[in-house]
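Engineer:
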Amino acid sequence: MTAGVEIIVELGPVAHGGSVVARHEGRVVFVRHGLPGERVSARITEGADDARYWRADAVEILRASPDRVTAPCRYAGPGRCGGCDWQHATPEAQRRLKAAVVEEQLRRLAGVERTVVVEPVPGDDAGLGWRTRVTYAVGDDDRAGLRRHRSHEIVPIDTCLIAHPGVRSVGVEERGWPGVTSVAATASGTGDQQLIVEPGQRDVELPELPTDVSVSILDERGRPQPHQGDGTVTEVAAGRRWRVSGGGFWQVHPGAADALVDAVARAVAARPGERVLDLYSGVGLFAGALAAQVGPSGAVVAVEGDRRAVADARHNLADLPQVTVESGPVDRVLSRAGDLAADIVVLDPPRAGAKLPVVAEISRLRPRVVAYVACDPAALARDVATFAAHGYELTDLRAFDLFPMTHHVECVATFHDH
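Under my numbering, the first residue of the sequence shown is numbered 14, with each subsequent residue one higher.
Printed below as a string of structure tokens:
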């Protein structure tokens with residue numbers, strides 16, 4: 014099948030990744046910009062005649078779902094910006110679609126049947142204005158934009174509707190960026206604004222920027238070097254202030270950090286004197302929150318592989334003597350820490366998940382409870398199966414709509430030793 018050919022298909026269930034499943038002459042077609050139950054004309058975007066499946070865009074809606082709405086952003090749609098997947102669905106429908114994906118991944122990859130409800134969190138306006146970190150690509154014309162879906166092509170834009178007002182007010186889209194490949198803009202919960210600039214092959218010529226905007230430039234090893242300001246932003250969550258160095262991880266939804274801390278705290282129900290192991294601890298968010306629960310008689314060990322995050326965590330948690338921050342890859346730290354003990358384990362791994370070596374080491378410690386924060390349903394489901402093989406049962410799961418208009422969903426899974 015040649016890309017660009019249009020076919021008429023009936024759309025079935027949602028698929029992981031922001032598409033809906035259709036079939037055409039026995040072949041699976043993953044269709045973007047459609048909704049379950051719709052009949053559409055779909056234009057093939059990827060797939061040869063002998064391919065196992067095709068990818069396509071719904072370019073004409075022949076029978077619309079009652080959940081369909083007009084996308085609020087003029088850059089959303091077939092062949093346009095690839096940043097959003099579900100702008101054509103109501104927020105309620107988006108959450109149902111995400112719940113269906115989590116349920117399907119658990120059923121298929123872990124053999125677990127569970128009803129999932131995706132919860133909204135405060136901090137956005139009907140799915141807009143929430144993204145506090147946006148990375149813009151810069152084209153040959155030195156203008157900033159966003160990439161098309163599964164493409165390096167850049168779509169010039171004048172505003173991103175899911176970007177937080179603090180990000181939009183920096184004015185990345187309005188300025189020229191000679192010699193720059195990308196610009197990452199951040200607006201923190203305290204009002205800090207930060208830009209991280211990636212140089213290209215030409216000399217960088219930065220535009221004139223407000224003096225209160227922190228600017229860093231990536232060096233040849235991809236490390237941000239402060240150019241204007243100290244290269245950090247300050248966030249507020251769980252009743253504390255958090256230093257986050259340029260490029261460091263922090264949840265992009267303004268309501269995310271508090272929602273996840275609350276969910277994890279409820280899941281583990283830490284008691285004074287208990288021992289907590291916080292894996293992939295970042296700048297120390299969960300470690301700090303749980304340290305308050307276990308108190309001075311307890312102990313919290315935070316493990317993080319990124320050196321800048323480790324430095325931030327040690328700064329952020331310096332007033333909590335019960336907290337120790339260990340630097341190094343999680344699997345290596347766990348494998349060499351023979352005397353490590355934990356009543357509670359919290360982990361927030363990268364998108365690929367924890368995987369067997371880490372799950373095996375956690376299980377060896379036999380904590381009474383494990384709280385797992387997951388940003389990818391497939392990786393979570395695979396790790397659910399691995400935990401089950403090591404004697405830990407999935408006892409609770411909450412899902413949060415931390416990325417409205419996109420297919421992404423965050424989960425907090427709770428495991429107990431059975």
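Glycine included, every Cβ here is placed at the ideal spot set by N, Cα and C.
Look at the alpha carbon of glycine 90 and the alpha carbon of arginine 253, and state the distance between them as a whole number of angstroms.
Structural biologist: Looking at the two C-alpha atoms, the distance is approximately 40 Å.
Engineer: Which residues bound the beta strand (DSSP E) around leucine 208?
Structural biologist: Note, leucine 208: beta strand (DSSP E), 206-212.
Engineer: Starting from proline 417, trace the alpha helix (DSSP H) both ways and give me its first and last residue.
Structural biologist: Note, proline 417: premise wrong, no alpha helix (DSSP H); not H, not E.
Engineer: Restricting to Cα atoms, I'd like to know which of Ala77, Pro85, Val44, Val82 is closest to tryptophan 67.
Structural biologist: Comparing Cα-Cα distances from tryptophan 67 to each of Ala77, Pro85, Val44, Val82, the minimum goes to Val44.
Engineer: When the distance is taken between beta carbons, is serine 78 closer than 7 Å to glutamate 51?
Structural biologist: Yes, the pair counts as a contact, with Cβ atoms nearer than the cut-off.
Engineer: Could you compute how far the alpha carbon of serine 54 sits from the alpha carbon of alanine 69?
Structural biologist: One C-alpha to the other measures close to 10 Å.
Engineer: Specify whether the segment 270-278 and the segment 347-354 touch according to this definition: at least 3 beta carbon pairs, one from each stretch, less than 8 Å apart.
Structural biologist: Counting Cβ pairs under 8 Å, fewer than three are found: no touch.
Engineer: In whole angstroms, what is the alpha-carbon distance linking proline 380 and arginine 65?
Structural biologist: Each residue's Cα considered, the two are about 43 Å apart.
Engineer: Could you spell out where the alpha helix (DSSP H) holding glycine 301 opens and where it closes?
Structural biologist: Looking at the DSSP string, the run of the alpha helix (DSSP H) that includes glycine 301 is 298-307.
Engineer: For a test of the three-state rule: what should DSSP assign to glutamine 335, helix, strand or coil?
Structural biologist: In the structure shown, glutamine 335 sits in coil (DSSP, three-state: anything other than H, G, I, E or B).
Engineer: Check whether the Cβ of leucine 141 lies closer than 6 Å to any heavy atom of the ligand ZN, and answer yes or no.
Structural biologist: The ligand content of the structure shown is nil, which means the ligand ZN is not present either.
Engineer: In terms of alpha-carbon separation, which member of Asp271, Gly308, Gly297 lies closest to arginine 284?
Structural biologist: Of the candidates Asp271, Gly308, Gly297, the one whose C-alpha sits nearest the C-alpha of arginine 284 is Gly308.
Engineer: Is the CB-CB distance between serine 227 and glutamine 207 below 7 Å?
Structural biologist: Going by C-beta atoms, serine 227 is nearer than 7 Å to glutamine 207.
Engineer: Any chance the segment 401-411 sits against the segment 308-318, with 3 or more Cβ pairs inside 8 Å?
Structural biologist: No: the two stretches stay apart, fewer than three of their Cβ pairs being nearer than 8 Å.
Engineer: Measuring alpha carbon to alpha carbon, tell me which of Ala102, Gly204, Thr194 ends up nearest alanine 46.
Structural biologist: The displayed chain sequence assigns histidine, not alanine, to residue 46. Of the candidates Ala102, Gly204, Thr194, the one whose C-alpha sits nearest the C-alpha of histidine 46 is Ala102.
Engineer: From the DSSP output, in three-state form, read off threonine 399 for me.
Structural biologist: Reduced to three states, the DSSP call for threonine 399 is helix.
Engineer: Give the single residue among Thr203, Asp389, Thr172 whose Cα lies nearest to the Cα of arginine 188.
Structural biologist: Of the candidates Thr203, Asp389, Thr172, the one whose C-alpha sits nearest the C-alpha of arginine 188 is Thr172.
Engineer: Cα separation between glycine 192 and alanine 270?
Structural biologist: Each residue's alpha carbon lies about 35 Å from the other.
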